[in-house]
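Okay, so here's the structure we're looking at.
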Amino acid sequence: MLWRAIKVNLDEEILLRQHTHIYDVWLRRSRRCPLGIQIVGCREEECFSEVLENVISHRVRWEYLELSEGMPFNLSAIEGPMPLVRDLHLSLLDPDLEVKVAFYEMPMLRTVFLNDCAVASVILPWIQLTSLTLYNVYPSECSPILQQTPNLVQCKLHVWLERHNPHPEPNIRLPNLESLVLRNFRSSPVLGYLQTFLVPALRSLSVPERLVRPNPIESLTSFITKSECRLQQVRITGESSVPEASYRDALRSAKEISVGNLHPDDE
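Position one of the sequence shown corresponds to residue 2 (the working numbering), numbered consecutively onward.
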């Protein structure tokens, strides 16, 4: 049985006792198998906490954990060792601004997705990560985390323009990064952000043209020279003011160049 498929959707019109019964059955049948826990939907904290209580005692078997679509609960409820968790997805409703919850006892953790509220609420063993997605965040929220992730191979950042940060973002060196995806929410573009990355191993870059304006080709070639990377794949997304042929002429070392299309892997 594929037990990582265990899922509870709290938005479905199912009574709490039915959710509880379903999880009880799954957990009994799973015996000692590793577990993939996925709880989605948004209900009141009491309801969510009762569902979570059914699986909390099995935390040592968790291999994948997703709490998403605005989970309204205190993360301290799951604080403690999770020795098998490889993949963590947290999309929280409200950050706990008073104290962050630290999850240090996750020796197998490699892949993480955090939304803005989760970023403000957790401390993870960042140095272990090889894949990281940060969603709906400011660059100043990304930098302290990325400074601690030298082993990243894949990184996706969905960022907002930060209007009230007087300090420029520091350079971020990611020596093992092979794939970088940048997305900018539809506000004013975060100009110059790409230039803060030093990524000598980078092979794939996806970036909206609006993030490398006003001189897209100059910005990209400067970035490549600064990082000393050998890009094989470049995707320029969104509205483009530069012909694809001009990109191809300027980025001749890249084997694959696309302009205007958003690849499913970049979303």
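From the three backbone atoms N, C-alpha and C, an ideal C-beta is built for every residue, glycine too.
How many angstroms separate the CA atom of residue i from the CA atom of residue j?
i      : j      : result
Val200 : Thr131 : 14 Å
Ser92  : Leu68  : 6 Å
Glu240 : Glu210 : 7 Å
Arg174 : Gln155 : 14 Å
Leu94  : Val41  : 12 Å
Ala103 : Leu76  : 9 Å
Val208 : Asn137 : 16 Å
Val61  : Asp250 : 53 Å
Met109 : Cys34  : 16 Å
Val89  : Leu66  : Sequence inspection shows Leu at residue 89; the Val mentioned does not correspond to that position. C-alpha separation (whole angstroms): 5 Å.
Pro169 : Val182 : 21 Å
Glu257 : Pro84  : 40 Å
Arg30  : Gln39  : 17 Å
Pro176 : Arg231 : 13 Å
Leu252 : Thr238 : 16 Å
Asn216 : Arg87  : 40 Å
Go through its chain and collect everything with a Cβ distance to residue i's Cβ below 8 Å, but skip five positions before and after it.
i      : result
Glu142 : Asp117, Val120, Ala121 and Leu135
Glu163 : Tyr139, Pro140, Ser141 and Val191
Lys227 : Gln196 and Leu199
Pro171 : Ser144, Gln148 and Thr197
For residue i, which residues of its own chain have a beta-carbon under 6 Å away from its beta-carbon, when the five flanking residues on both sides are left out?
i      : result
Pro82  : Glu106
Leu125 : Phe104
Gly261 : Ser241
His180 : The sequence given here places Ser at residue 180; His does not occur at that position. Excluding positions up to five away in sequence, the list reads Gln155 and Ser205.
Glu245 : Val260
Glu229 : Pro201
Which of the three DSSP states is assigned to residue i in this structure?
i      : result
Asp117 : helix
Pro217 : helix
Thr134 : strand
Ser122 : coil
Pro82  : coil
His59  : coil
Lys227 : helix
Glu106 : coil
Asp25  : helix
Arg164 : coil
Cys34  : coil
Asp250 : helix
Thr197 : helix
Arg211 : helix
Leu181 : strand
Glu54  : helix
Compare the C-alpha of residue i against each of the options and name the closest.
i      : options                   : result
Thr114 : Ile146, Leu85 and Pro84   : Before going further, note that residue 114 is Phe rather than Thr in the sequence given. The candidate whose alpha carbon is nearest that of Phe114 is Ile146.
Ser259 : Ser205, Ile225 and Glu229 : Ser205
Gln148 : His159, Trp161 and Ile128 : Ile128
Val100 : Pro84, Val86 and Val123   : Val123
Gly37  : Tyr24, Pro176 and Glu64   : Glu64
Leu178 : Ala202, Trp27 and Thr238  : Ala202
Asn185 : Gln234, Val213 and Glu229 : Val213
Count the other CB atoms within 10 Å of the CB of residue i; is the residue buried (16 or more) or exposed (fewer)?
i      : result
Ile225 : buried
Ile79  : buried
Glu54  : exposed
Met2   : For Met2, the pLDDT reaches just 44, beneath the cut-off of 50, and the residue's location in the model is therefore unreliable, leaving the point undetermined.
Gly193 : exposed
Thr222 : exposed
Ser254 : exposed
Ser189 : exposed
In its own chain, which residues sit with a C-beta less than 7 Å from the C-beta of residue i, not counting the 5 before and 5 after it?
i      : result
Leu133 : Val113, Thr150, Leu153 and Cys156
Ser247 : Ile218
His59  : Leu28 and Leu36
Determine, using beta carbons only, whether residue i comes closer than 7 Å to chain D.
i     : result
Glu80 : Judged by its chain identifiers, the structure shown contains no chain D, having just a single protein chain.
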